[in-house]
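Residue numbers (this note's numbering), protein chains in the order written: chain A, 1 to 246; chain B, 247 to 525.
Positions of the beta carbon are idealized from the N, C-alpha and C atoms, including for glycine.
Being a predicted model, the structure only gives us computed values, none of them experimental.
Here is the structure we will look at.
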């Protein structure tokens, strides 16, 4: 029996935040003297449940601030749940903002190894994948020069090639990335599509509803952290659109 | 390409054992730790003409200036076989190790936000890599110190290899305090200048350029509460015998380091989930 890749049960995530965001010690000192520190519980997610099997593509839709990215962060193990339970089995690969772990002073090769290791793969494995990643990004001759000599397009290509080099058990996507020139965009779109259909469980957050209709096998619609509707893509999207136009 | 094993399961309902869980998690990613240390060292030195010596410029020049200013004042107060030049330089090296390790550890975690908000990496790994690369700087500083020791007609004692214990303690101390500091940095935008001020006061409360014998009994009692004073006694005892390290110094140095490391890690782990939500 194979266990589902993701099991989310009654997940809630609360932040305690001050009514006005306090970001200076001076403010804290003044407020605590005036006894003005008013906290409120703010639920970024509440009562979310779903399971996800290999091969399923779950799209999460909703307005800005509905908790979509927060849900990705709890699945990525960055934010622990306040209530409920999250189980993720296997290797998780986030398709994150390109180059978050890149350093301009290191060479392309050094960056690939470091970036891949930050994403949870072993440095040894990254060394052995170096050739293939450089090849795919069409940067094999530039791997030994520091990243600051790269154009922004080259950096994006290298980051994309590194992030998508692995077939994970769970793929987390916060808006599908498109990078580089027209040629590379086509190539990267094809690679993203093959990753999505490649057998991993996928959680996709996007505002592009056409993409959702095309790719998703299931959709959850979140509003203020609460699941409003879940199920077949067309039904949930229609519900969302109805709410939007209301 | 995919490796799924039993320990690749994340279950949020399993609470990690405080501290030990983190240490295990760091050990599991020791390959990444090595890469991060290599990155820190490469970034700092590779493209600088004088390379690794760059980091020593500050303690060396400060020592030279302080030597010029205070040599006449304190020379007479140096007791027995102690000598002012190695006394001063060893003080500067320890003080630089502490200040640099602490600030770099805090900055490494605060600056790693882009990664830490998106993928799971045990955050203390960033602090630890910063303090380990600072330790490498410190080791480089032992070369000019040894030269100054012999130039002052002193020699290294047989205890000198135990400098490794001093380094280990300092790495623990600065990692623990750096982790606490990182949370404060992220939460309060104006905390940096306050922290710099506290560090400056702490520097003056450490017998770096003055002999502890010039102090009155009350001041001396306060200065001896500072763990860095024990670090200095132990360290100066090894390189030229410019202080006497008692068993108490050894115990105070290692005890405060281990305790502050554990406390720092414990509070960091408690505060981090709320802090990461602010990033």
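Could you tell me the alpha carbon to alpha carbon distance between residue 442 (chain B) and residue 62 (chain A), rounded to whole angstroms? 44 Å
So with Cβ pairs under 7 Å, would you call residue 32 (chain A) a contact of chain B? no
When we look at the beta-carbon of residue 336 (chain B) and count the other beta-carbons within 10 Å, is it buried (16 or more) or exposed? buried
Hey, does residue 257 (chain B) have any beta-carbon neighbour from chain A nearer than 7 Å? yes
Taking beta-carbon pairs under 8 Å, can you tell me which members of the segment 357 to 372 of chain B lie near chain A? 360, 361, 362, 363, 364, 365, 366, 367
Name the DSSP beta bridge partners of residue 229 (chain A), please? A:221
Given that a residue counts as buried once 16 or more other Cβ atoms are within 10 Å of its Cβ, and exposed if not, what is residue 180 (chain A)? buried
Check the Cβ of residue 285 (chain B) against every Cβ in chain A and list those closer than 8 Å, keeping chain order. 103, 106, 110, 114
Between residue 376 (chain B) and chain A, is there a C-beta pair that is closer than 7 Å? no
So, helix, strand or coil for residue 256 (chain B), using DSSP? strand
Can we say the segment 196 to 209 of chain A touches the segment 103 to 120 of chain A, given the rule of at least three CB pairs closer than 8 Å? no
Within 7 Å (strictly less), CB to CB, does residue 26 (chain A) reach chain B? yes
Would you check if the segment 466 to 484 of chain B and the segment 391 to 411 of chain B touch, i.e. whether three or more CB-CB distances between them fall below 8 Å? yes
Taking the continuous beta strand (DSSP E) assigned at residue 58 (chain A), which residues delimit it? 57 to 61
How about residue 86 (chain A): is its C-beta nearer than 7 Å to some C-beta of chain B? yes
What does the alpha-carbon distance come out to for the pair residue 252 (chain B) and residue 121 (chain A)? Low local confidence applies: a pLDDT of 42 at residue 252 (chain B) is under 50, so the model's placement there is unreliable, and no value is given.
Looking only at C-alpha atoms, which of B:324, B:349, B:422 sits nearest to residue 512 (chain B)? B:422
Note down, in chain order, every chain B residue with its Cβ under 7 Å from the Cβ of residue 79 (chain A). 519, 522, 523
Mind listing the chain A neighbours of residue 434 (chain B)? Cutoff is C-beta to C-beta under 9 Å, in chain order. 22, 23, 24, 25, 26, 27, 28
How about residue 117 (chain A): is its C-beta nearer than 7 Å to some C-beta of chain B? yes
Under 8 Å, CB to CB, which of the residues in the segment 3 to 18 of chain A have a partner in chain B? 15, 16
Which value, in whole angstroms, describes the spacing of the CA atoms of residue 271 (chain B) and residue 522 (chain B)? 18 Å
I'd like to know whether the C-beta atoms of residue 424 (chain B) and residue 352 (chain B) end up nearer to each other than 7 Å. yes
Following the continuous beta strand (DSSP E) through residue 124 (chain A), name the residue where it begins and the one where it ends. Looking at the DSSP string, residue 124 (chain A) is not in any beta strand (DSSP E); the run it does join, the alpha helix (DSSP H), is 123 to 136.
Sub-7 Å separation of residue 328 (chain B) and residue 488 (chain B) beta-carbons: yes
Would you mind sorting residue 169 (chain A) into buried or exposed? The rule is 16 or more other CB atoms within 10 Å of its CB. buried
Exposed unless 16 or more other CB atoms sit within 10 angstroms - verdict on residue 238 (chain A): exposed
Counted within 10 angstroms of its Cβ, other Cβ atoms place residue 490 (chain B) as buried (16 or more) or exposed: exposed
Does residue 79 (chain A) come out as helix, strand or coil in the three-state DSSP assignment? coil
Checking the sheet assignment: what are the DSSP bridge partners for residue 173 (chain A)? A:95, A:204
Does the beta carbon of residue 236 (chain A) sit closer than 7 Å to a beta carbon anywhere in chain B? no
Go ahead and label residue 201 (chain A) buried or exposed: buried means 16 or more other beta carbons lie within 10 angstroms of its beta carbon, across all protein chains shown. buried
Give a yes or no on whether the minimum CB-CB distance between residue 161 (chain A) and chain B is below 7 Å. no
Short CB-CB distance (under 7 Å) between residue 422 (chain B) and chain A: no
Report the rounded CA-to-CA distance for residue 520 (chain B) versus residue 435 (chain B), giving the unit in angstroms. 16 Å
Whole-angstrom Cβ separation of residue 5 (chain A) and residue 129 (chain A), contact assumed at under 8 Å? Not quite, the Cβ-Cβ distance comes to about 23 Å (not below 8 Å), so this is no contact.
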